[in-house]
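Reminder that position 212 of the sequence shown reads as 252 in my numbering, one-by-one numbering, no gaps. Positions of the beta carbon are idealized from the N, C-alpha and C atoms, including for glycine.
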Amino acid sequence: MDIIYEKIDNKINIKNFTQIFKNREVNWRIYVSTLTANLLLISGGSMLAWTSPVINRLKSNSSEENPLGSPITTMEISILAAIPQIATFFSFIPMAKLSQAFGRKKLMLYGAVCLLVTQIVISFARNIYMYYVCLLSVGLGLSAISISVPIYCGEVADTSNRGIIGCFLGTSMVFGMLLMYVFGSFLSIKMFTLICAFPTLVHIILHMFVIESPIYLISKGKKIEAIRTLESLRGNRSHREIETEYLSLQQSVESDLKIKNLSMLDLFKIRSGVKAFFISITLCIGQQGSGISIIVAFLGPIFNESGANISGDNVGIIVGSAQVITYAVAAYVIEKLGRRSLLLFSSLGCSLFMLSMGISFYLKHINSSFIADIRWLPVLFVILYVICYGFGLGPIPVCIIGELFPHDFRSIGTALVLVFDSILMAVINFSFPLLSEAFGTFSCMIAHSSVSLLAFIVLYLLLPETKGKTLNEIQDLLNK
């Protein structure tokens with residue numbers, strides 16, 4: 041899920057933000073619409089990190105901190121962490137169909153209402169089974185917004201503002217995680233959950249100002265509404281320019297309709313399709329297998345047991361801040377340095393610093409005097425880890441996955457990869473508390489480091505550089 045929300049119609053092109061405002065007339069309606077949409081990603085990001093501050097409180101014997109009244113078990117922690125991803129796995133493809141049937145705007149509203157109701161109910165929950173039900177609902181809301189928001193932003197953006205809208209997508213969810221780490225460090229479960237529901241509430245209030253996607257309207261044969269929508273989104277364009285864009289979008293929609301009858305098996309009948317699928321799966325394994333899931337979901341509990349001279353909640357704030365800054369900077373450098381080089385740097389860096397964390401946790405496990413004298417070292421390693429992750433494995437996979445698949449199989453291939461990503465994330469989140477208790481946190485970290493190293497090797501051997509190449513040139517490379 042970490043990768044879904046950064047995709048903009050497979051056409052991310054980061055530019056200097058000042059270029060966007062060179063024209064004297066700026067149509068702010070498109071920014072109001074996209075920022076309102078991205079409020080859902082902020083709220084979704086906060087719920088992805090919800091378990092980090094919550095687990096510490098649910099393990100407490102104090103009824104003031106723990107609304108359940110008694111500490112939860114390791115198995116209950118595993119279920120709490122995995123349930124949203126399980127719900128996402130089962131609802132991802134149905135939500136994609138709903139997006140096409142009812143529109144991106146309506147699906148965003150469904151996701152917003154689902155999240156808001158769930159956040160309110162879970163704030164007052166006093167039973168572990170109520171938590172389970174609420175987190176299932178969170179998964180449904182996350183799948184709705186993870187599909188509708190990126191598609192919507194990609195379809196309303198144009199060449200003059202695609203860069204800044206892409207940055208909104210790239211930083212919104214990690215900013216939501218930061219909010220959860222900040223408020224979760226000093227507020228009760230009830231209060232910080234309600235506060236993190238605020239962006240969802242604001243979206244619902246401003247939803248009337250969100251303009252429907254012109255591509256969706258065209259796909260439904262609503263020409264007049266589509267043209268009016270384009271006029272609203274491109275307020276400083278002439279009627280002829282609007283008409284030209286409409287015809288271009290109509291041609292694109294008609295082309296997509298022609299390939300709807302292709303099956304998933306057809307993807308594996310061509311060399312480039314097989315190679316694209318294998319590389320994409322490797323990217324997912326490298327991303328989730330690097331350990332980012334456990335960092336996001338279990339950061340507080342992990343570092344409360346690390347022996348560091350700073351609490352797990354405060355580590356969360358530091359790490360969340362580093363994530364936001366790194367994702368924002370990465371938006372500038374991805375196009376300049378290339379996807380391949382950044383992915384290789386990122387996977388190798390994640391492997392190195394996750395291994396370093398594993399070693400430091402092992403030294404703590406055996407009560408080594410060495411780590412006792414430099415208790416800040418694990419904190420430094422996790423900061424360096426998220427910086428490496430943010431420059432490659434975080435933002436790039438979804439961009440490059442869209443570029444690798446042949447045009448006729450892009451939707452099918454991407455859907456398969458994202459479903460696999462949800463399964464992988466659920467398995468990691470469920471198994472980590474159990475494996476950590478059985479074999480030690482350091483063992484899990486060393487295993488994740490090994491996965492990142494393996495991903496580095498495979499990507500080095502198979503991944504082509506897509507920077508500056510057309511989609512046809514990329515297919516030629518994959519067919520070799």
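If one requires a minimum length of 4 residues, the alpha helix (DSSP H) runs lying completely within the region 222-249 are 229-236 and 238-246, in chain order.
Of the candidates E104, V94, P107 and I133, the residue whose Cα lies closest to the Cα of I117 is V94. Each residue's CA atom was taken as its position, placing T481 and G378 some 34 Å apart. Per the coordinates, the alpha-carbon of F479 lies some 25 Å from the alpha-carbon of L88. Between T128 and the set F142, F496, S183 and A122, the nearest pair of CA atoms involves S183.
The criterion of a C-beta distance shorter than 8 Å is not satisfied by L180 and I123. Within the same chain, S320, I321, C324 and I441 come within 7 Å of V457 by CB-CB distance, once the 5 residues on both sides are set aside. Within its own chain, the residues whose Cβ lies closer than 6 Å to the Cβ of F449, once the five positions on either side in sequence are excluded, are L307 and G313, listed in chain order. With a cut-off of 8 Å on Cβ pairs, the region 467-477 is not in contact with the region 388-398, counting fewer than three such pairs. The C-alpha of Q159 lies about 10 Å from the C-alpha of A152.
Look at the region 147-221 and you find these whole runs of alpha helix (DSSP H), each 4 residues long or longer: 168-196. The alpha-carbon of R277 is positioned some 18 Å away from that of V72.
With distances taken between CA atoms, F238 lies nearest to G216 out of S131, G216, S476 and S110. Proximity of the region 486-498 to the region 408-427 falls short of the contact definition, fewer than three beta-carbon pairs being nearer than 8 Å.
Excluding five sequence positions before and after A362, the CB atoms of its chain that fall closer than 8 Å to its own CB belong to I423, V426, I427 and G430, given in chain order. The distance from the Cβ of G85 to that of V214 is about 6 Å, consistent with a contact at the 8 Å cut-off.
For L305, the enclosing alpha helix (DSSP H) has its first and last residue at M304 to L307.
Assigned with DSSP and collapsed to three states, E252 falls in coil, not helix or strand. Around the C-beta of E252, 16 or more other C-beta atoms lie within 10 Å, and the residue is accordingly described as buried. According to the DSSP assignment, N349 belongs to no alpha helix (DSSP H), since it is labelled neither H nor E. Remark: C-beta atoms of M248 and Y192 do not approach each other more closely than 8 Å. Within 10 angstroms of the beta-carbon of I406 lie fewer than 16 other beta-carbons, which makes it exposed. Listed in chain order, the non-local C-beta contacts of S333 below 7 Å within the same chain comprise M465, I468 and N469, local neighbours out to five positions each way being set aside. Within its own chain, the residues whose Cβ lies closer than 6 Å to the Cβ of G360, once the five positions on either side in sequence are excluded, are M217, L218 and Y221, listed in chain order.
If you draw a 10 Å sphere on the C-beta of E294, you find fewer than 16 other C-beta atoms in it, and that means exposed. For W68, the number of other beta carbons within 10 angstroms of its own is below 16, and it is reported as exposed. Proximity to Q140 across L392, Y256, D516 and I245 peaks at Y256, based on C-alpha coordinates.
Straight through space, the alpha carbons of L339 and E477 are spaced by roughly 15 Å. Taking all protein chains in view, the Cβ of S259 is crowded by 16 or more other Cβ atoms within 10 Å, so the residue is classified as buried.
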